[in-house]
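FYI, in the numbering used here the residues of the sequence shown are 19 to 446.
A quick write-up on the structure given underneath.
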Amino acid sequence: MAGFLAILVLAVAWRSARIAEVEWPAPLAPTRPRHENAPPYVSIINALPDPVLVIAAHEPDDLTGRRFVMVNEAARDLLRIQYDAGLLVTAIRDPQVLEAVDEALFGGVDSQAIYEVGGAQARVLKAFAKPLGTAPDGSRLALLVLRDETDIRRAEQTRADFLANASHELRTPLASLSGFIETLRGHARADEGAREKFLTIMSTQAERMARLIDDLLSLSRIELNEHIAPQGETDLALAVMDVVDALGPLARERGVTLTPCLPARGEALVSGDRDQIVQVVQNLVDNALKYAPRGSTVKIALAGGLTAEAAAAPIRPQSARLSLLTPDHGQDLYAALRVSDEGVGLKREHLPRLTERFYRVEGQKSGERSGTGLGLAIVKHIMNRHRGGLAVESVEGEGATFSAYFPLADQTVTRPETPRPDAVTKPS
């Protein structure tokens, strides 16, 4: 840091001497010079990723006397500065930032402020102001560095929202359990019928808490390894059959038929972690069962050897459709898994939020069974780790289809001209 400040002081001294030689009408400043003949430190400062400005001023009472006498390329781009020198208020008008600059200029102390930049893509920056001493012309100098903290703030907000939602989701069944325990200790102690009813409800609430904790741990593990490419190969068709066998009893209990439509063995061999791939299939089928009315069918269609365009193609032209995760188009061929229900469908405004943690579309489920609100978030993170894609399409009154696209393990398989007709779900 000391070396960087030394370079800046030399740069400011050179810039101040150059500026002192020229007079211009305020608030105009000299046009940006060409840097091919500038000293080497100019290139160093311009290479810095954070916006950097050097501020000069003579008198604390002269509010229009704060001038930037040097800016780097990042500052020009962020603040849309067209000159190398000019009035500070033409570039920054935020009172807190200007106050921080004054504390560095005339108080001789380091100062900080939060600076929010509006526009099409709002940014949150942290402004660092540091005194640089006095220039040859007697003006006081300060360094102003703007560090983009938008992603940090967004991550902090996401974490806070996550903790708040998780606490709420755990508190609800806990409150229910506490209430029933208190009741059983009181007037319902000797009521056999009430005791049996309450114990059944308590068991359901305990199972809900267990599912939530399992999903939270699962999501945490997936996020921890999301940047690590998965190893191994899995036959997606066999994974689908395992899920159909596992969820068959639940489907029969709900009066729903699971109909797998699969390609020949080996045509949907994908790269990835088998346990996570099975979890994707299970979460999508389990989600469909929540919305499928009694007597309906949940279709699980699988096709291999598809291009990215074919894998992402809608199956219902009239549907509301949204890509929740774009597949890696660097892969040539994909296996496309499509899970369709015949429920009430999803309204268009719900689609962008389906993979948010704890987001639920209430009032549209066909049964009383509720999930944790983490299933689709888990699916999205797994698909991202596998460099795949995820999309949803829905027609109100007809149902919804979730599609997951996995890169094939063998990219040399023969590419079909069109998807197999028996492996693509058709609109009912």
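For every residue, glycine included, the Cβ atom is placed at its ideal position computed from N, Cα and C.
Top-ranked residue by Cα proximity to Leu390, from Tyr377, Lys398, Leu351, Gly211: It is worth fixing the name first, because residue 390 is Thr in this sequence and not Leu. Just measuring C-alpha positions, the residue of Tyr377, Lys398, Leu351, Gly211 sitting nearest Thr390 is Tyr377.
DSSP three-state assignment for Arg425, whether helix, strand or coil: Before going further, note that residue 425 is Pro rather than Arg in the sequence given. In this structure, Pro425 counts as strand in the three-state DSSP scheme.
Residue of Gly104, Asp428, Ser194 minimising C-alpha distance to Leu287: Checking every option, the nearest Cα to that of Leu287 belongs to Asp428.
DSSP three-state assignment for Arg94, whether helix, strand or coil: Arg94: helix per DSSP, three-state reduction.
Simplified DSSP state of Gly313, which is helix, strand or coil: Residue state, collapsed to three classes: coil.
Cβ distance (whole Å) where Ala75 is taken to contact Ser129 below 8 Å: With a beta-carbon spacing of about 14 Å, Ala75 and Ser129 fall beyond the 8 Å limit used to define contacts.
Contact belief for Ala16 with Ala153 at Cβ below 8 Å, rounded distance in angstroms: Lying outside 19 to 446, the shown extent of the chain, residue 16 is not represented and no answer is given.
Environment of Leu426 [buried if 16+ CB atoms lie within 10 Å]: Its Cβ being crowded by 16 or more others within 10 Å, Leu426 is buried.
Span separating the alpha-carbon of Ala145 from that of Gly415: Pairing Ala145 with Gly415, the inter-Cα distance amounts to about 53 Å.
Residues that DSSP places opposite Phe216 in a beta bridge: Looking at the DSSP output, Phe216 bridges to nothing.
Alpha-carbon spacing of Leu162 relative to Leu71, whole angstroms: The alpha-carbon separation between Leu162 and Leu71 amounts to approximately 5 Å.
Contacts around Lys215, its chain only, beta-carbon distance under 7 Å, and the 5 residues preceding and following it disregarded: None.
Rounded C-alpha distance that separates Gln114 from Val142: Computed Cα separation, rounded: 13 Å.
Sequence-distant residues of the same chain with beta carbon closer than 6 Å to Ala306, five excluded per side: Its chain contains Val316, Val357, Asp359 as the residues whose beta carbon lies nearer than 6 Å to that of Ala306, once the 5 sequence neighbours on both sides are disregarded; these appear in chain order.
Beta-carbon spacing of Ala418, Val397 below 9 Å: No; because the gap between Cβ atoms is not below 9 Å, this pair is not in contact.
Presumed contact (8 Å Cβ cut-off) between Thr265 and Asp304, rounded CB distance: At residue 265 the sequence reads Leu, which differs from the Thr that was named. 6 Å between Cβ atoms; contact.
The segment 407 to 414 contacting the segment 233 to 240, beta-carbon criterion three pairs below 8 Å: The segment 407 to 414 vs the segment 233 to 240: no contact.
Per-residue burial, Val127 [other beta carbons within 10 Å of its own, 16 or more giving buried]: Label assigned to Val127: exposed.
Candidates Val107, Ala140, Asp179, Asp155, of which the one nearest Arg12 by Cα: Lying outside 19 to 446, the shown extent of the chain, residue 12 is not represented and no answer is given.
Candidates Ala247, Asp293, Val298, Arg84: closest to Ile110 by CA position: Selected option, being the one with the closest Cα: Arg84.
Pair within 9 Å by beta-carbon distance, Leu392 and Leu230: Yes, the Cβ-Cβ distance between Leu392 and Leu230 is below 9 Å.
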